[in-house]
Amino acid sequence: MSEVVSYNREGNIGVITVNYPPVNALGQAVRSGLLAALEQGQKDTEAKGLLLVCEGRTFIAGADIREFGKPMQEPTLPTLVNTFENSDKPLVAAIHGTALGGGLETALSCHYRVAVSSAKVGLPEVKLGLLPGAGGTQRLPRLTGAQKALEMITTGEFVGANDALALGILDAVEDGDDIRAVGMAYAQKVVDEGKPVRRVRDITDKIEADKGSDVFDQFRDELKKKARGLFSPFKCVDAVEAAFNLPFDEGMKRERELFMECMESPQRAGLIHSFFGEREVSKVKGLPKDTPVRDVKSVGIIGAGTMGGGIAMNFVNVGIPVTIVEVKQEALDKGLAIIRRNYENSAKKGKLTQEQVEQRMALITPSLTYDDFRDVDLVIEAVFENMAIKKEIFAKLDEVCKPGAILASNTSTLDIDEIASATKRPEDVVGMHFFSPANVMKLLENVRGSKTSDEVKATVMAVAKKIKKVGVMVGNCYGFVGNRMLHKRGTEAMSLVDEGATPQQVDKVLTDLGFPMGQFAMSDLAGIDVGYRIREERRKSGENIPASWMDKLAEQGRLGQKTQAGVYKYEEGSRKPIPDPEVEQLIEEFRKEQGITPREITDQEILERCMYVMINEGAKILEEGIADRPLDIDIVWIYGYGFPAYRGGPMFWADQEGLDSILSAVKKYQDTVGGEQWEPAALLEKLVADGRKFADL
């Protein structure tokens with residue numbers, strides 16, 4: 168008998184127990200142990216029914232990630248679930264924690280399923296560029312019908328126990344947390360009532376009801392909008408449709424064919440890179456695992472605007488009280504009203520109860536004085552990008568805040584060391600760069616100053632996890648990682664328009680690559696004034712930032728979506744960008760002023776200049792140690808800037824494109840376009856010379 172799976176009998180119930188911490192993943196030892204335990208249960212003449220239950224905090228939570236990318240060892244998961252389903256004794260799965268992916272497929276191969284009310288089930292394989300490959304696409308729709316099976320499988324979202332009961336996935340839900348007792352009671356009931364072996368493969372009423380339905384075509388149409396550019400969601404639909412058009416065994420064969428197509432897709436590699444990367448970035452190079460972490464039980468925020476309000480929501484969502492300070496009562500009232508409206512909208516959608524809305528609002532203390540920050544553990548400054556104002560604020564915080572309080576800036580570009588110089592405690596100063604909208608976007612770019620202590624670094628990374636963000640630790644330079652690369656792309660995008668492209672042509676090349684929006688639509692969303700202020704700050708500091716037609720938009724009050732006019736125009740209540748002849752005219756006039764004769768620009772040139780300039784800058788960021796690993800850059804761009812996860816991030820994508828061809832193009836643009844942004848990174852040249860990739864670093 169396997170060490171991780173055991174069999175014993177309690178009365179007339181044979182109990183198969185999995186104990187493979189931390190999440191009872193379906194590694195080879197578990198799979199072979201389950202088959203051996205099932206065989207023992209089948210031979211045990213005293214056992215009239217069988218129970219599958221797991222020790223620890225969860226049921227089988229999915230595949231064993233230690234086996235990812237390696238050939239599957241026997242027995243395979245399809246072999247396991249088919250053997251379980253063919254048990255001639257009634258088999259009950261008792262679910263607590265989560266039953267995900269192969270875990271849910273294993274439960275679906277049992278004849279009955281009972282869960283505690285806190286349990287969740289799901290088939291999240293689509294998030295790794297795959298589809299359920301052990302009967303999930305064939306068995307789930309037999310219980311739920313087509314619509315719900317498609318929703319679960321194409322989104323990978325989890326379903327709570329009570330919803331799973333209503334959908335027919337579970338047969339019973341019980342309160343309490345003793346899953347063994349719950350499972351034993353239900354298995355005993357099955358035996359005592361003489362319930363038959365009931366195989367999901369034989370349940371056909373919902374299959375018959377949905378046969379010939381147009382739900383599959385409708386789903387494909389929806390996915391063209393929601394999952395644009397993705398491969399596996401469409402294969403998921405094909406697999407579920409097979410459950411309705413083919414006998415079960417043929418449907419299983421079709422599922423396997425489609426699963427292998429997903430396995431061979433380059434998108435799978437990108438999504439798995441992203442999946443592992445999200446976990447890997449929490450490990451900060453040079454930061455010992457046992458570094459002490461400060462308690463953050465209360466937070467102060469300076470600024471109740473869009474960013475400040477969004478940042479506040481992250482903390483109150485997890486029960487951490489927040490004090491927000493503004494200069495004027497009017498700004499404070501407006502900010503709190505927006506926070507309330509966001510929560511009320513969530514309540515209307517059923518995501519929160521009204522009681523939860525009031526609980527969260529009660530955790531926010533509005534204030535007009537810094538004195539109310541005396542006892543907070545962390546202060547985050549979220550005012551606009553002006554160094555003089557930020558230094559003034561940090562000098563005040565230094566006077567007011569208690570020793571050991573962390574002083575953080577939400578700056579997106581400015582020098583953390585210069586901000587820290589306004590205090591007598593630079594070791595407690597750090598950047599915490601949230602992304603807009605801060606209550607939605609998952610990235611938190613934590614910026615270490617030259618004197619930031621290890622304790623503060625460890626604490627802000629722990630805070631990121633606490634507020635459900637993906638924290639990435641980066642070094643201090645202009646724009647850090649994300650904006651430093653973005654501004655290079657933005658400069659090229661503007662130059663391309665100067666030279667003859669249209670904003671919509673540039674944006675289309677980027678959205679065709681998989682970005683949710685292009686450079687100029689993103690500028691409109693963020694606010695044209697944001698980039699304008701940054702450029703003005705750089706000009707004040709003596710940098711040679713040439714005038715641009717984007718400056719003219721800001722000066723005319725065309726600030727983007729918030730004014731319904733920026734690079735594009737917007738209809739009331741709509742976020743859809745509409746090309747504007749007025750902007751075309753403004754660009755034409757700017758070209759004449761600059762003596763530029765427009766030329767035709769190809770999509771390939773746009774792709775190379777917008778993307779390769781980022782790769783070259785990313786290589787420089789790695790050379791300088793601003794990012795510890797290529798992976799850190801990838802995660803910053805996936806979670807902060809909408810880089811398509813299925814392409815794995817910019818540095819992963821560069822490896823797929825070929826570093827030699829990228830370097831060749833960089834050198835070409837160094838000759839034809841010029842500028843420091845096209846000076847080849849020494850690291851890029853070295854990798855090409857050595858025949859290596861970013862992945863080899």
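For the sequence shown, the positions run 168 to 864 when this note's numbering is used. Where is the CB? At the ideal position from N, CA and C, for every residue including glycine.
### Task
Taking 8 Å as the threshold, find out whether the segment 169-184 comes into contact with the segment 219-226 through three or more Cβ pairs.
They touch, by the three-pair rule.
### Query
Who are A260's beta bridge partners in DSSP?
A260 pairs with L219, R280.
### Query
Where does G866 land, buried or exposed, given buried means 16+ other C-beta within 10 angstroms?
The structure shown does not extend to residue 866, since the chain spans only 168 to 864, so no value can be given for it.
### Query
Which residues mark the beginning and the end of the beta strand (DSSP E) in which N577 is found?
Careful: N577 lies outside any beta strand (DSSP E) and carries neither H nor E.
### Query
So G296 packs on F411, CB below 8 Å; how close in whole Å?
In this structure, G296 and F411 do not form a Cβ contact; the two beta carbons are roughly 24 Å apart against a cut-off of 8 Å.
### Query
Should T311 and L334 be called a contact, given that it needs their Cβ atoms to be closer than 8 Å?
Closer than 8 Å, so yes.
### Query
Just the Cα atoms here: how many angstroms apart are S173 and A260?
Spanning the two alpha carbons is a distance of roughly 15 Å.
### F325 versus L290 - alpha carbon distance
Between F325 and L290, the C-alpha separation is close to 7 Å.
### Query
For G785, which option in Q844, K759, D770 has the closest C-alpha, if you only look at C-alpha atoms?
Nearest of Q844, K759, D770 to G785, Cα basis: Q844.
### Message
I want to know whether the segment 251-271 touches the segment 361-370 - three or more CB-CB distances under 8 Å.
### Response
These segments touch.
### Task
Taking only runs that begin and end inside the segment 321-408, name each unbroken beta strand (DSSP E) of 3 or more residues, in chain order.
Considered as a whole, the segment 321-408 harbours 339-341 as its complete beta strand (DSSP E) runs of no fewer than 3 residues, in chain order.
#### Entry: Inter-stretch contact (C-beta, 8 Å, three-pair minimum) for the segment 730-737 and the segment 747-765
Because the criterion of three Cβ pairs below 8 Å is met, the segment 730-737 and the segment 747-765 touch.
### Message
For F561 and I547, I'd like the C-alpha separation in whole angstroms.
### Response
Roughly 10 Å separates the two Cα atoms.
### Cβ neighbours of K452 in the same chain (closer than 6 Å, five flanking residues each side left out)
The residues are D795.
### Task
Compare the beta carbon distance of G437 and F819 with 8 Å and say whether it is the shorter of the two.
Cβ atoms of G437 and F819: closer than 8 Å.
### Message
So within the segment 631-713, which uninterrupted beta strand (DSSP E) runs reach at least 3 residues, ignoring any that extend past its ends?
### Response
Runs found: 637-641.
### Message
Determine whether the beta carbon atoms of E775 and A848 lie at a separation below 8 Å.
### Response
Between E775 and A848, the gap from beta carbon to beta carbon reaches 8 Å or more.
### Query
Closest to T839 by CA distance: which of F482, E772, L850 is it?
Of all alpha-carbon atoms in F482, E772, L850, the one lying nearest the alpha-carbon of T839 is that of E772.
#### Entry: Residues bridged to F819 (per DSSP)
F819 pairs with nothing; no bridge assigned.
### Query
Looking only at its own chain, which residues have a Cβ that is under 6 Å from the Cβ of A409, when we skip the five neighbours before and after it?
Excluding sequence positions up to five before and after A409, its CB lies within less than 6 Å of the CB of G418, R421, all in the same chain and listed in chain order.
### Query
Between the C-alpha atoms of P459 and F861, what's the straight-line distance to the nearest angstrom?
Their Cα atoms are separated by approximately 32 Å.
### Message
I need the boundaries of the beta strand (DSSP E) containing Y174, first residue and last residue.
### Response
172-177 is the extent of the beta strand (DSSP E) around Y174.
### Task
Could you please give the first and the last residue of the uninterrupted alpha helix (DSSP H) stretch that includes L753?
Element bounds for L753: 748-761.
### Message
If I measure Cβ to Cβ from M168 and keep anything under 8 Å in the same chain, skipping five residues before and after, which residues do I get?
### Response
Low confidence applies to M168: its pLDDT is 48, below 50, so where it sits in the model is not reliable enough to give any reading.
### Query
Nearest chain D C-beta to V281 closer than 8 Å, yes or no?
In the structure shown, chain D cannot be found, because there is only a single protein chain.
### Message
According to DSSP, is E612 part of a helix, a strand, or is it coil?
### Response
Correct three-state label for E612: strand.
### Message
Just checking G841 against the ligand ATP - is the residue's beta carbon closer than 7 Å to any of the ligand's heavy atoms?
### Response
By its list of ligands, the structure shown contains no ligand whatsoever, and the ligand ATP lies outside what it can speak to.
### Message
Taking the beta strand (DSSP E) that L267 belongs to, which residues open and close that run?
### Response
Run containing L267: 265-267, per the beta strand (DSSP E) assignment.
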